[in-house]
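Shown next, in structure tokens, is the structure this report addresses.
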Amino acid sequence: MAAPMKICRFRSCAIYSRIKSKPKHSHLYKHCRHNSTQENWKGVIGLEIHAQINTKSKLFSASSTAFGAPTNTQVSIFDAALPGTLPVLNGECVRAGVKTAIALNSKINKVSKFDRKHYFYADLPQGYQITQQRQPLAVGGEVEYILIDQNNRYVTKTARITQLQLEQDSGRSLHDEEGRQSLIDLNRAGIGLMEIVTEPDFENGIDCSSFVREVQLMMRQLQVCLGSFREGALRVDANISVHKPSEPLGVRSEVKNLGSLKDLRNAVDFEIKRQKSVLKNGGTVINETRTFDSESGKTIPMRDKERLQDYRFMPEPNLPPLYLYDNSTAAQSRDQNTTNIDEEIQNMPPLPRDVRNKLINDYNLSLRNVYVLVNEDKGVTFFNEVMKYSNSPPNFIANFIVNDLLGVFNANDIKIRNSPISPDILAEIVDIKESGYSTVAYCSQLVELYLKQDITERPKTVVDNNGWRQIVDTETLKPVCVKILKENPKLVKKYFKGKEDKALSSLLMKALNETQMKGHPVLMKKIFTELLEEEKQK
Amino acid sequence: MLSLTLREAISKLKDGSLSAAELCEKCVTRAKRVQELNFIVTENFSQSQKEAVHSARLWSEYVSGRHNEWRKFGGIPFAIKDNFCTKDIRTTCASHILNNYVPPYTATVVQKLQDAGGVIIGKTNMDEFAMGAGSTDSIFGPVRNPWNYKFAQSGREHDKINDWHIAGGSSGGSAVAVATGASFGAFGSDTGGSTRNPAAYCGVVGFKSTYGRLSRHGLIPLVNSLDVPGIFAKSVDDASLLFNAVAGHDTRDSTTVTDSMDTFTLPDDISVKHLHIGIPKEYHAPGMSPCVLEAWRRAADLFDRVGAKVSEVSLPHTQFSIICYSVLCCAEVASNMSRYDGIEYGHRAKNEDSTEELYAATRHEGFNDVVRGRILAGNFFLLKRNYDNFFLKAQKVRRLIAEDFRQVFGGGVDILLTPTTLTEAPTYSWFTEVDNRTRAEEQDVFTQPINLAGVPAITVPASLSQSGLPIGLQFIGPNFHDKEVLTVAKWFEQQTNFKRLDLSHLDKS
Amino acid sequence: MLQRRLTYSVKFYIKRCFSSKVPEKPTWVTIDRSKLPKEPKVDREVVDLLERLSLVEFNNQEGVDRLTKAVHSANLLHAVNTDNVEPMDSVLEDRILYLRDDVVTDGNCLKDVMRNATKTLEDYYVAPPGNIPLKQKERDYGNKT
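Chains as they are written, first to last, in the numbering used here: chain A, 122 to 659; chain B, 57 to 565; chain C, -19 to 125.
Printed below as a string of structure tokens:
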């Protein structure tokens, strides 16, 4: 007997349709993008997030960190690695690290140390990076985040943190292909980075990007990292391997410098696929460093020959250990720049998960709505503002913003934080929809109208002026329904034959057309049903 | 005039009996006269003389009462080792790789000296990147010790066959600058004895203060956790003057201590009766020459005679100190040298095929064998597979060595008295028979444990050997007891009355 | 010979001194190398690895010998018992690390940092291509001014 045909569970999947129509196309299943989750091989990914710390000056020197300055103008003699220069630690960077560690639920090391990591690269003038390998600022921790799983469900997941450390950023190199040279700009060299290393708790691309998004939101909230991926303020390295769950972990490859959430997702998924096919064909995965090419969507090796790298970590002799204090030891510190952990804990603003939980507790919003609102910059603020002016139930408002408003915004490349529609106007539109003053369709049109045109009138006035009022009067609707029924005996017959839903849909369509889309669909459906049932009795 | 100490010169400048311009001119003349000793790499004669003339004007205003303030070292020439960055003056570390490097900033201690009126007469010769104990491995050639040196008659070429004595290292040039009278003080660096060793060989005072007292900002490092700017002077008083002028917390150097330091002047009337002097038995190492042993003995007996408590103590890990030092030194060197790639500064090779090719060629052309050898050894010790067995092990031994000192000082000993070197200054031919690494291991044997522990130490000329070469003795104190160390050293200096080298006969020839 | 002559005359002096606290003979002990752990070998693989990591060549057998000697010497450290001893990074380990205010007081010294560079192009440092992925890619994160 032939093996059961594997088929994707997503009916909208194109591969599904092809296989369904012609079983001989079942070999195409391997190309189905939902396939990866059906196989035995499991992806195992650990991440390293590098986030530029939002301070005015660099980690070990007092040059500026501002983005976009002229070449090499934000470079001090220390940043250029001139001999004889020494690092001096920026107290504000330490505070940022501590705040982030608290948000990650990590254990903060009261004493942490700095190390040198040696390798040669043109944008690393000292020939080593000052980082924290042996005793970082914080260890352990976990982050709760929301993930849209393969069934399009919003679920909560937790990932564990290995450690958080402070380290230097490198300079930038621009490759001049024609002149066969690299041009080096050290403005970025020495800017403080927080490196967040995670345990290998992730399974696929969306898992990774959801997590990183949560961390990004968290850091924005804490004001420790405000930069975007586009500015290079946030970078992710992924360590990816595959294995069968019962077997030990596979050899991993590292994909470096992923510069966007999309790249992260695609790179991880591609790499999992690549490694799987290598293993399936009997090959072995090499432990190597790769980079991702967004255009082709592939990861490619960074070095043409695999070579061992030994960073020869060594304690940084120019920086004595970093001591952090809490309320019990604060008296020992004489420097005004030292960080008191307990004070920072007290001053922590609400984190994304706290905001989400509050929204759920206070207003019983759905997880999906809460996720989207928090994910959008100033989304929650906007929601709260609209809540002030609106009379509709909170979840209704949230649904409107998430489903109706954001869809339109995204299509027009507008962000909620720059919403051209003010909260009070939107509140009125929401109420109009909720009360049925206008139809669903016309409400969407209202939104588009306010977006694209400069309207001074209130929404209700616009509805009235354009004649977009929904007809909710049964007395007005009944004759229309009767008329439609009379004109469509076939559909009536269909109804009596048992195909009620289909018949009603068609009848409703016709009735809507008849009322220029202003008839209240639910009401009209009810009227139709009543009329038809009456007829049935006869 | 050049036989004056710094203290004496200052007092003469203050009372108007000495002209700063004349003083500087005399120093420059002396420097030129003894240049065959090869102790200056980059001379700054005309600039220093210009500044001295300006200082002379300021002094005359002070002396005449027109102006109240005076700059401590107004116009007095000092020599600076060529691993201190000096703005707009070439700083080479005696290496090809920095042969044309002109720093855009000045080292903190040098700046403080200049702010107090001191003028830089020149940058002095050294072992390349301070790696060595003889000042013999420099791209500019070795430094010669002025003691027992047959100076060429003026106008004649010096006799190259002459076998002269080394000046010690790695700060040989600075030691010679002070010994010959060409400057009134000098800065060197001391990582494993690089100040005290040449000071002993050249018969001058060499002071290494507590690690963390003097700023290293601008001192091109050899081993960051051991380096200390070293002070050369004609007398202990001078050393104290210089130390007090440049010590203190520097916000640009995180390894300077934030404790405030009270400046001090050493008393002239000193009693050592209440002191407990320790004689560490392990400092009688194999290879010590009889004259050094004799000088050590005589000094110990001297303290004994005046009523101080003198006892034998033990620093049990001394024997391993030099090995520990070598491992840590090589590892840090490998790390510190990784910045020399020719991109931002320094020598740059012609090979532009790839970054790695360029770096390798630049470093090959720029570094000498000694430096390259230490880089390779250092990276070997830092490899993941060797880290625990060598680097970490050396760090643990370092703690034991530091503990040795702590325990001895904690047990009531105030000052330790030891020889500075195994022998008198050896000849150049003897010294170069064996490689740099072996020699450094021998030469630094009494000086590098002090760097590992961070404690202050000073070498004071004690006597002359049979051949007439100076022998120095070392006084070591607990951390941050610089004043106490200097005080005892001054007392000893007063007792020994060592006759400094007098080259005034050269002025006539 | 000179040493011997010195010793004769100095011995005479020594007898005249007080009984001294300074030990008469060297006090160092000879270490039994057989008790030490085996030294790691400096073989071809290690030589290649070190040359690549240091970007410095051994040059010749002399260089390799020098390293072997250094390792041989360093191995003596194992004669010291370091059980329960913490490694020491710095003598200032119990000192408080000085922290700087977050104020911009440095940088903006283009001339200073460029003046010693042999090769520059429009305010950029110039390096040869290297350590780049097989496919050339411009790693430009922002607007190039």
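Just so it is clear, CB atoms sit at the ideal spot from N, CA and C, and this is done for glycine as well.
1) When Cβ atoms are compared, which residues of the stretch 23 to 55 of chain C fall closer than 8 Å to chain A?
2) Is the beta carbon of Gly225 of chain B sitting closer than 8 Å to the one on Pro202 of chain B?
3) Does chain B have any CB closer than 8 Å to the CB of Val209 of chain A?
4) Would you mind telling me which residues of chain C sit closer than 8 Å to Ile431 of chain B, beta carbon to beta carbon, in chain order?
5) Excluding five sequence neighbours on each side, which residues of the same chain lie with their C-beta closer than 8 Å to the C-beta of Ala280 of chain A?
6) Does the beta-carbon distance from Val389 of chain B to Gly434 of chain B come in below 8 Å?
7) Would you report the Cα separation of Lys220 of chain A and Val232 of chain A, rounded to the nearest angstrom?
8) Roughly how many whole angstroms lie between the Cα atoms of Gln159 of chain A and Gln271 of chain A?
9) Under a Cβ-count criterion, where at least 16 other Cβ atoms within 10 Å of its own Cβ denotes burial, should Asn424 of chain B be classed as buried or exposed?
10) Contact check, Glu392 of chain A vs Ile361 of chain A under 8 Å by CB: the rounded distance?
11) What residues in its chain sit with their C-beta under 7 Å from that of Val511 of chain B, if we drop five residues either side in the sequence?
12) So which residues of chain C does Gly212 of chain A contact, with C-beta pairs closer than 8 Å?
13) Rounded to the nearest angstrom, what separates His273 of chain B and Ala289 of chain B at their Cα positions?
14) Give me the chain A residues within the contact set of Leu72 of chain C, using Cβ-Cβ distance strictly less than 7 Å, ordered along the chain.
15) Starting from Ala509 of chain B, trace the alpha helix (DSSP H) in both directions and tell me its first and last residue.
16) Among the residues of its own chain, which have a CB less than 6 Å from the CB of Asp686 of chain A, if the five just before and after it don't count?
17) Just to confirm the assignment, what range does the beta strand (DSSP E) spanning Lys611 of chain A have?
18) Under a Cβ-count criterion, where at least 16 other Cβ atoms within 10 Å of its own Cβ denotes burial, should Pro482 of chain B be classed as buried or exposed?
19) Assuming Gly241 of chain B and Leu322 of chain B form a contact by the criterion Cβ under 8 Å, report the distance between their Cβ atoms to the nearest whole angstrom.
20) If you measure between the beta carbons of Arg200 of chain B and Ala223 of chain B, is that distance less than 8 Å?
21) Could you tell me which chain C residues have their CB closer than 9 Å to the CB of Asp431 of chain A, listed as they occur along the chain?
22) Taking CB distances under 8 Å as the criterion, tell me whether Tyr249 of chain A reaches chain C.
23) May I have the straight-line CA-CA distance separating Asn181 of chain B from Asp470 of chain B, to the nearest angstrom?
24) Closer than 9 Å by beta-carbon distance: list the chain B residues that pair up with Phe241 of chain A, in chain order.
25) Measuring CB to CB, does Gly422 of chain B end up less than 8 Å from Ser151 of chain B?
26) Shortest alpha-carbon distance to Phe468 of chain A belongs to which of A:Gly528, A:Phe188, A:Arg216 and A:Ser381?
27) Which word fits Lys426 of chain A, buried or exposed, when buried means at least 16 other C-beta atoms lie within 10 angstroms of its C-beta?
28) If we call anything under 8 Å between Cβ atoms a contact, is Cys80 of chain B one with Gln103 of chain B?
29) At 8 Å on the CB atoms, spell out the chain C contacts of Pro438 of chain A, in chain order.
30) Contact check, Leu494 of chain A vs Ile542 of chain A under 8 Å by CB: the rounded distance?
31) When the Cα atoms are used, what is the spatial distance from Lys365 of chain B to Ile335 of chain B?
32) With distances taken from CA atoms, which of A:Arg477, A:Ala451, A:Leu598 and A:Arg474 is nearest Glu465 of chain A?
33) What are the start and end residues of the alpha helix (DSSP H) that includes Phe376 of chain B?
34) Cutting at 6 Å between CB atoms, please list the residues of its own chain near Ser560 of chain B, excluding the five before and the five after it.
35) Could you give the DSSP three-state label for Ser560 of chain B: helix, strand or coil?
36) Can you grab the Cα-Cα spacing for the pair Asp40 of chain B / Glu497 of chain B, in whole Å?
In short, the structure shows the following:
1) Leu29, Arg32, Leu33 and Leu35
2) Contact: no.
3) yes
4) Ser34 and Val36
5) Glu263, Val264, Tyr266, Thr319, Glu320, Asp322, Phe323 and Phe332
6) yes
7) 16 Å
8) Model confidence at Gln159 of chain A stands at a pLDDT of 44, short of 50, so the residue's coordinates are unreliable and nothing is read from them.
9) buried
10) With a contact defined as Cβ atoms closer than 8 Å, Glu392 of chain A and Ile361 of chain A qualify at about 5 Å.
11) Thr266, Phe461, Ile532, Gly533, Pro534 and Asn535
12) The CB of Gly212 of chain A comes closer than 8 Å to the CB of Leu79, Arg80, Asp81 and Asp82 in chain C, given here in chain order.
13) 22 Å
14) Pro441
15) For Ala509 of chain B, the enclosing alpha helix (DSSP H) begins and ends at Gln504 to Ala509.
16) Since the first and last residues shown for chain A are 122 and 659, residue 686 of chain A lies out of range.
17) No beta strand (DSSP E) holds Lys611 of chain A; the alpha helix (DSSP H) holding it covers Pro610 to Lys618.
18) buried
19) At roughly 15 Å, the Cβ-Cβ gap does not stay under 8 Å, so Gly241 of chain B and Leu322 of chain B are not in contact.
20) yes
21) Neighbours of Asp431 of chain A on chain C, chain order: Leu29 and Leu33.
22) Interface residue (Cβ-Cβ distance to chain C less than 8 Å): Tyr249 of chain A is not classified as such.
23) Rounded to the nearest whole angstrom, the CA to CA distance from Asn181 of chain B to Asp470 of chain B is 35 Å.
24) Ser394, Asp397, Thr411, Glu412 and Tyr415
25) yes
26) Reading the sequence as shown, one finds Asn at residue 468 of chain A and not Phe. Looking at the Cα atoms, A:Arg216 is the closest of the given residues.
27) Per-residue confidence for Lys426 of chain A stands at a pLDDT of 42, beneath the threshold of 50, marking its modelled position as unreliable; the derived number appears in the next sentence. Only exposed fits Lys426 of chain A, as fewer than 16 other CB atoms lie within 10 angstroms of its CB.
28) no
29) Asp69 and Ser70
30) With a Cβ gap of about 16 Å, Leu494 of chain A and Ile542 of chain A do not count as contacting.
31) 11 Å
32) A:Ala451
33) Thr374 to Asn392
34) none
35) In the three-state reduction of the DSSP assignment, Ser560 of chain B falls in the helix class.
36) Residue 40 of chain B is absent from the structure shown; chain B starts at 57 and stops at 565.
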